[in-house]
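Report on the following structure.
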Amino acid sequence: MPPQRTPLGAIDTNRPRGKELSPYVRGKIVGMSIGSASASQVQAQFGVSQKAVRGSIAQDSQRPDRETLPRSGYPATYTDRDKRLMLRNLRLFPKSTFDDRWKESGVKMSNSTIKRLAQEHSL
Numbered sequence: 539m540p541p542q543r544t545p546l547g548a549i550d551t552n553r554p555r556g557k558e559l560s561p562y563v564r565g566k567i568v569g570m571s572i573g574s575a576s577a578s579q580v581q582a583q584f585g586v587s588q589k590a591v592r593g594s595i596a597q598d599s600q601r602p603d604r605e606t607l608p609r610s611g612y613p614a615t616y617t618d619r620d621k622r623l624m625l626r627n628l629r630l631f632p633k634s635t636f637d638d639r640w641k642e643s644g645v646k647m648s649n650s651t652i653k654r655l656a657q658e659h660s661l
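Numbering (my numbering), first residue to last: 539 to 661.
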């Protein structure tokens, strides 16, 4: 049986993630593991999950200065060609509305994507 939701609480059943570990704590975790401490000992010492301990140790070689790596994000729904077409449309018709841009260029992009493209290219 799933856990009961609190009254007037969040409807979303996705649990929030824990806080990210600081580079200092990651370094301490890796240092303890090098010093032959087990994952459960490290977990008890720092009060973090075993998955966080194992992940910090496994990804230590990939992290420069033990900083958090950037996340990939959601993949773009448009191609480079679509981007070029929209940029051309932005340059030729600077006063067009979003609906007109879609009709003229034939590219389906959200309004926020068009805005972001314009800002990236100083239009």
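Cβ atoms here follow ideal geometry from the backbone N, Cα and C, with glycine treated the same way.
Does DSSP put Met647 in a helix, a strand or coil?
In the three-state reduction of the DSSP assignment, Met647 falls in the coil class.
Reference Met647, options Pro608, Leu625, His659, closest by Cα:
When each option's Cα is compared against that of Met647, the closest is Leu625.
Indicate the three-state DSSP secondary structure (helix, strand or coil) for Leu661 in the structure shown.
In the structure shown, Leu661 adopts coil according to DSSP, grouped into three states.
Report all residues from its chain with a CB closer than 7 Å to the CB of Asp603; omit the five preceding and five following residues, and keep chain order.
Closer than 7 Å at Cβ, skipping near neighbours: Pro561.
Starting from Arg564, trace the alpha helix (DSSP H) in both directions and tell me its first and last residue.
From DSSP, the alpha helix (DSSP H) with Arg564 extends over 561-572.
Between the stretch 591-606 and the stretch 556-576, do at least 3 Cβ pairs fall closer than 8 Å?
Verdict: yes, contact present.
The alpha helix (DSSP H) enclosing Val586, as first and last residue numbers:
Premise fails: Val586 is in no alpha helix (DSSP H) and is neither H nor E.
From Gly593 to Lys641, what does the alpha carbon distance come to, in whole angstroms?
Separation of Gly593 and Lys641 (C-alpha to C-alpha, rounded to the nearest whole angstrom) is 48 Å.
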